[in-house]
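Just add 6 to wherever you are in the sequence shown, counting from 1, and you've got the working numbering. Each residue gets a CB set at the ideal place from its N, CA and C atoms; glycine is no exception. Worksheet: the structure to be examined is printed underneath.
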Amino acid sequence: MIPSSAGERLDAERARLFTHSEAFWARWPNNRVFEAPYDELAGEAARCARLIEIFQGQRGTNVRPATGHARKTYDKANGEIATYQAMLNSVHNAMHYAISQGRGPQLPSN
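Rendered as structure tokens:
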């Protein structure tokens, strides 16, 4: 079934990003992330950054609502943002390490 509304499309995108991110971390758990190929690291960095954007959009404001459903949504989105920012930081560290080891992005050969 093809998502028809903007919300459904966003949910489908988020599900796809979650699935690919979960597969990445299953292949490269814990400190093994420092052994991951640079292109996989770059892909995971892009996924984490996009998920952060999605959750920031869900959160809406930077001011925490006082009560109710809006507060729960805000708190859940904030938790997800923190999680994916930490993951993105780990991936960036692994990317810098890969570059220092000569495993960075490859230039096209002529």
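- The C-beta separation of residue 101 from residue 47 comes to about 5 Å, placing the pair in contact by the 8 Å criterion.
- Residue 113 carries a coil assignment under DSSP once its states are collapsed to helix, strand and coil.
- Around the CB of residue 69, fewer than 16 other CB atoms lie within 10 Å, so the residue is classed as exposed.
- Counting the other Cβ atoms within 10 Å of the Cβ of residue 104 gives 16 or more, which makes it buried.
- In the DSSP assignment, residue 56 falls within the alpha helix (DSSP H) that extends over 44-65.
- When the beta-carbon positions are compared, residue 41 and residue 31 stay at least 8 Å from each other.
- In this structure the segment 66-83 does not touch the segment 17-25; the number of beta carbon pairs closer than 8 Å is below three.
- The C-alpha of residue 57 lies about 33 Å from the C-alpha of residue 115.
- A Cβ-Cβ separation of about 4 Å places residue 86 in contact with residue 61 under the 8 Å criterion.
- By the Cβ neighbour-count rule, residue 50 is buried, with 16 or more other Cβ atoms within 10 Å of its own.
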